[in-house]
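Written below as structure tokens is the structure these notes are about.
Number of protein chains: 2
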Amino acid sequence: MTQVEWFDDLQVGMRFKTGDLQITASDIKRFAAEFDPQPMHLDEDAAAKTLFKGLAASGWHTAAIAMKLAVQSRPFGPHPLIGMGVDGLRWTAPVRPGDVLHLDGEIVSLTPSSTKPHGSVVVKWTMYNQNTEPVYTFTPITIIPRRLPS
Amino acid sequence: MTQVEWFDDLQVGMRFKTGDLQITASDIKRFAAEFDPQPMHLDEDAAAKTLFKGLAASGWHTAAIAMKLAVQSRPFGPHPLIGMGVDGLRWTAPVRPGDVLHLDGEIVSLTPSSTKPHGSVVVKWTMYNQNTEPVYTFTPITIIPRRLPS
Numbered sequence: 001m002t003q004v005e006w007f008d009d010l011q012v013g014m015r016f017k018t019g020d021l022q023i024t025a026s027d028i029k030r031f032a033a034e035f036d037p038q039p040m041h042l043d044e045d046a047a048a049k050t051l052f053k054g055l056a057a058s059g060w061h062t063a064a065i066a067m068k069l070a071v072q073s074r075p076f077g078p079h080p081l082i083g084m085g086v087d088g089l090r091w092t093a094p095v096r097p098g099d100v101l102h103l104d105g106e107i108v109s110l111t112p113s114s115t116k117p118h119g120s121v122v123v124k125w126t127m128y129n130q131n132t133e134p135v136y137t138f139t140p141i142t143i144i145p146r147r148l149p150s
Numbered sequence: 001m002t003q004v005e006w007f008d009d010l011q012v013g014m015r016f017k018t019g020d021l022q023i024t025a026s027d028i029k030r031f032a033a034e035f036d037p038q039p040m041h042l043d044e045d046a047a048a049k050t051l052f053k054g055l056a057a058s059g060w061h062t063a064a065i066a067m068k069l070a071v072q073s074r075p076f077g078p079h080p081l082i083g084m085g086v087d088g089l090r091w092t093a094p095v096r097p098g099d100v101l102h103l104d105g106e107i108v109s110l111t112p113s114s115t116k117p118h119g120s121v122v123v124k125w126t127m128y129n130q131n132t133e134p135v136y137t138f139t140p141i142t143i144i145p146r147r148l149p150s
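These protein sequence lines map, in sequence, to chains A and B.
All residue numbers for the first sequence refer to the UniProt record's numbering, where the first residue is 1 and numbers rise by one.
All residue numbers for the second sequence refer to the UniProt record's numbering, where the first residue is 1 and numbers rise by one.
Set out below in structure tokens:
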């Protein structure tokens, strides 16, 4: 994968790829019990009767896993991933127990600040499962420092 | 708060209000260790040296708490909250240990399906802390069934 340290090194179209993470039924139920206590995320039998027709991860659990994968991949080297905001969260297929998930990212815009020594980077990330089916997309806006003049 | 059961009962401008949830330093660190392992979310001393100048919740933790508050408030009665997608996530102030959080929501658009017995509801939710400072906004799109003809 690409790994760069400064805004100045980035280009539109640059791609990133993260490692993999496997999600379990236990993970799905534990997250849901704390943050999204609805039948399709909590219990196999109850989930079978919903439109998901089986246990599926909370969309916010999927979003949190995406953050983990992005952070671990260090797309901008030592600079933290601090989102100013995120647009276009879309859950395109259920995330199921046992799924193995990863993200591909592509820089879609770069805007240098006119007043500060940084720029904003917009990356469109797509999460895929082990069948290369897209399950989730999101497009965060991140601030990355410019290289200091030498 | 307003609580209604069917798409047909909803109106643009209708408002919702959730209960409160208090977040602790322990909650912040535990979520971060699992999903967003960056210094500003993991450890007070390390966080003091970041631009947050102290421990702050991961934005995805804030997002998950918002889902919990929304689910518990049952804005659409027995119908589940199933997001087709979410736009406009913006974190507008840090969420700190001890903060007491709640959401206010307002329906911003209603679109009946032309082919199916449901409609899409767009609610703009804003999370406030105990000082009525807005800390987070998000705008999910939810599908709610229409009342069956009698």
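All residues carry an ideal CB built from backbone N, CA and C; glycine is no exception.
query                                                                                                                                 : result
Cα-Cα separation between A:Met1 and A:Lys17, rounded to whole angstroms                                                               : Legend: pLDDT at A:Met1 = 49, less than 50; position of this residue unreliable, no value from coordinates given.
Any non-hydrogen atom of the ligand GDP closer than 7 angstroms to A:Gly83 Cβ                                                         : The ligand GDP is not among the ligands present in this structure, which contains no ligands whatsoever.
Residue range of the unbroken beta strand (DSSP E) whose run includes B:Pro75                                                         : Note, B:Pro75: premise wrong, no beta strand (DSSP E); not H, not E.
Cβ contact check for the segment 120-134 of chain B and the segment 27-44 of chain B: 3 or more pairs under 8 angstroms               : no
Cα-Cα separation between A:Thr50 and B:Asp9, rounded to whole angstroms                                                               : 23 angstroms
Contact with chain A by B:Gln130, beta-carbon distance below 8 angstroms                                                              : no
Neighbourhood of residue 228 of chain B by C-beta, 6 angstroms cutoff - its chain only, sequence neighbours within 5 removed          : This structure cannot speak to residue 228 of chain B, because chain B is shown only from 1 to 150.
Beta-carbon contacts of B:Gln22 that lie in its chain and below 6 angstroms, excluding the five residues immediately before and after : Val100
Inter-residue spacing [alpha-carbon to alpha-carbon] between A:Gly54 and B:Gln11                                                      : 33 angstroms
Spatially closest choice to B:His79 from B:Leu148, B:Gly13, B:Ile144, B:Pro149, by CA coordinates                                     : B:Ile144
Chain A contact for B:Asp20 (CB, 8 angstroms cutoff)                                                                                  : no
Where the alpha helix (DSSP H) containing A:Phe138 begins and where it ends                                                           : Premise fails: A:Phe138 lies in the beta strand (DSSP E), 134-145, not in any alpha helix (DSSP H).
Environment of A:Val108 [buried if 16+ CB atoms lie within 10 Å]                                                                      : exposed
N-terminal and C-terminal residue of the beta strand (DSSP E) that A:Glu106 is part of                                                : 100-112
DSSP state of B:Trp6 mapped onto helix, strand, coil                                                                                  : coil
Below-8 angstroms beta-carbon distance, B:Gly88 vs any chain A residue                                                                : yes
Contact belief for B:Ser96 with B:Trp6 at Cβ below 8 angstroms, rounded distance in angstroms                                         : Strictly speaking, residue 96 of chain B in this sequence is Arg, with Ser absent from that position. The Cβ separation is near 39 angstroms, so there is no contact.
DSSP beta-bridge partners of A:Asp87                                                                                                  : A:Thr139
Where B:Arg15 falls: helix, strand or coil (DSSP)                                                                                     : strand
Cβ shell of A:Glu133 (< 6 angstroms), same chain only, five flanking positions each side left out                                     : Ala93
Cβ-based burial, B:Gly13 [other Cβ within 10 Å; buried from 16]                                                                       : exposed
Within chain A, the residues that B:Pro145 reaches when beta carbons sit closer than 7 angstroms                                      : By Cβ distance, chain A contributes nothing, its closest Cβ being about 11 angstroms from B:Pro145, past 7 angstroms.
Span separating the alpha-carbon of B:Val121 from that of B:Asn129                                                                    : 26 angstroms
CB-CB length for B:Trp60 against A:Met67, believed under 8 angstroms                                                                  : 5 angstroms
Cβ-based burial, A:Lys116 [other Cβ within 10 Å; buried from 16]                                                                      : exposed
Identity of the residue in B:Gly77, B:Glu44, B:Asp20 nearest B:Ile28 by Cα                                                            : B:Glu44
Cβ-based neighbour list, B:Val135, same chain, cut-off 8 angstroms, excluding 5 preceding and 5 following                             : Thr62, Trp91, Thr92, Ala93, Pro94, Val95, Asp99, Leu101, Met127, Tyr128, Asn129
Residues that A:Ala64 contacts on chain B, provided the C-beta gap is smaller than 9 angstroms                                        : Phe31, Glu34, Phe35, Asp36, Ser58, Trp60, His61, Ala63, Ala64
8 angstroms Cβ cutoff, A:Val12 in contact with chain B                                                                                : no
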